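Chemist: This structure is in structure tokens; I'll ask about it shortly.
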Amino acid sequence: GAVVSQHPSRVICKSGTSVKIECRSLDFQATTMFWYRQFPKQSLMLMATSNEGSKATYEQGVEKDKFLINHASLTLSTLTVTSAHPEDSSFYICSAREVGQGGRGYTFGSGTRLTVV
Amino acid sequence: DAKTTQPTSMDCAEGRAANLPCNHSTISGNEYVYWYRQIHSQGPQYIIHGLKNNETNEMASLIITEDRKSSTLILPHATLRDTAVYYCIVRNNSGNTPLVFGKGTRLSVIA
Numbered sequence: 003g004a005v006v007s008q009h010p011s012r013v014i015c016k017s018g019t020s021v022k023i024e025c026r027s028l029d030f031q032a033t034t035m036f037w038y039r040q041f042p043k044q045s046l047m048l049m050a051t052s053n054e055g056s057k058a059t060y061e062q063g064v065e066k067d068k069f070l071i072n073h074a075s076l077t078l079s080t081l082t083v084t085s086a087h088p089e090d091s092s093f094y095i096c097s098a099r100e101v102g103q104g105g106r107g108y109t110f111g112s113g114t115r116l117t118v119v
Numbered sequence: 265d266a267k268t269t270q271p272t273s274m275d276c277a278e279g280r281a282a283n284l285p286c287n288h289s290t291i292s293g294n295e296y297v298y299w300y301r302q303i304h305s306q307g308p309q310y311i312i313h314g315l316k317n318n319e320t321n322e323m324a325s326l327i328i329t330e331d332r333k334s335s336t337l338i339l340p341h342a343t344l345r346d347t348a349v350y351y352c353i354v355r356n357n358s359g360n361t362p363l364v365f366g367k368g369t370r371l372s373v374i375a
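Those sequence lines, one after another, are chains A and B.
Those letters in the first sequence? Residues 3 to 119, by my numbering.
Those letters in the second sequence? Residues 265 to 375, by my numbering.
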């Protein structure tokens, strides 16, 4: 089946630094990828929709200048958390959609646990 | 997409069937019912989906009421590895819209 690889799985960074998270679709092309954030004991919250070759669409309340999304190829989207602060500590999850598979075509990465100290 | 309502948590004895309910009373005719689950500190995993007929696969069965206003996910023989948060999501199959997650049901399978 479709596989989405997310890297790194875990990262600790100092406050004020930037962190890049990669999301790759390994065996299919994804023109659209989605980024979610999940705080402890809460559900997944959609942050943005990443479209290959165009600007990402951000959900209300998500700062586009802080969470930079690049989707330069059909298999790779990156999320960069700029000038990270402790409140950005969270579990970040990407999802890629395999065209033609309907709702079951949403494959998720294994997530990235970001801790800002 | 229609809103869904699920119980916050459920317990199930290992080896017994786990029946997870979901209400989606505002579902429209072209919307499917999807179930995903999330095991702790992992990404969500697709389980099953259906439109109006009951469905079964290697993981679970999905029972949708005739009026489609509610459904039940059945794990026939729950194991400890089935402990997870289960999300019921309603959406149509057109377009590139993302999956929107509610709060889900936290299923604890107990030995």
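We put the beta carbon where it would ideally sit given N, CA and C, even for glycine.
Keep in mind that this is a model prediction, so the values were computed, not measured.
Considering only DSSP beta bridges, list what S335/B is partnered with.
Modeler: Working through the second sequence from its first residue, we reach residue 335/B at position 71. In the DSSP output, where bridge partners are listed per residue, S335/B has C286/B and I328/B.
Chemist: Taking Cβ-Cβ distances shorter than 7 Å, what residues in chain B pair up with R39/A?
Modeler: Counted from its first residue, the first sequence places residue 39/A at position 37. Ordered by position in chain B, no residue passes the 7 Å Cβ test against R39/A, which lies about 11 Å from the chain.
Chemist: What residues from chain A crowd round Q306/B, counting only those whose CB sits closer than 7 Å?
Modeler: As a first step, residue 306/B must be located in the second sequence, where it is residue number 42. Result: S112 and G113.
Chemist: Any idea which residues DSSP pairs H9/A with across the strands?
Modeler: Translated into positions along the first sequence, residue 9/A becomes position 7. Bridge partners of H9/A: E24/A.
Chemist: Could you spell out the range, first to last residue, of the beta strand (DSSP E) harbouring V118/A?
Modeler: Counting from one through the first sequence, the residue named residue 118/A turns up at place 116. Run containing V118/A: T114 to V118, per the beta strand (DSSP E) assignment.
Chemist: Measuring only between beta-carbons, confirm whether R99/A sits less than 8 Å from chain B.
Modeler: For the purposes of this step, residue 99/A is taken as the residue at position 97 of the first sequence. Judged by the 8 Å Cβ criterion, R99/A is in contact with chain B.
Chemist: Is there a C-beta anywhere in chain A that falls below 8 Å from the one on G314/B?
Modeler: To locate residue 314/B, count along the second sequence from 1; it is residue 50. For G314/B, the nearest beta carbon of chain A is not closer than 8 Å to its own beta carbon.
Chemist: In the DSSP assignment, what are the bridge partners of Q302/B?
Modeler: Your numbering for residue 302/B matches position 38 in the second sequence. In the DSSP output, where bridge partners are listed per residue, Q302/B has V349/B.
Chemist: How about G366/B: is its C-beta nearer than 8 Å to some C-beta of chain A?
Modeler: Taking the second sequence and counting its residues from 1, one reaches residue 366/B at position 102. Chain A contact via Cβ: present.
Chemist: Is E61/A helix, strand or coil by DSSP?
Modeler: Working through the first sequence from its first residue, we reach residue 61/A at position 59. It is coil, neither helix nor strand.
Chemist: Taking Cβ positions, are N356/B and Y298/B nearer each other than 8 Å?
Modeler: As a working mapping, residue 356/B is identified with position 92 in the second sequence. As a working mapping, residue 298/B is identified with position 34 in the second sequence. In this structure, Y298/B does not lie closer than 8 Å to N356/B by Cβ.
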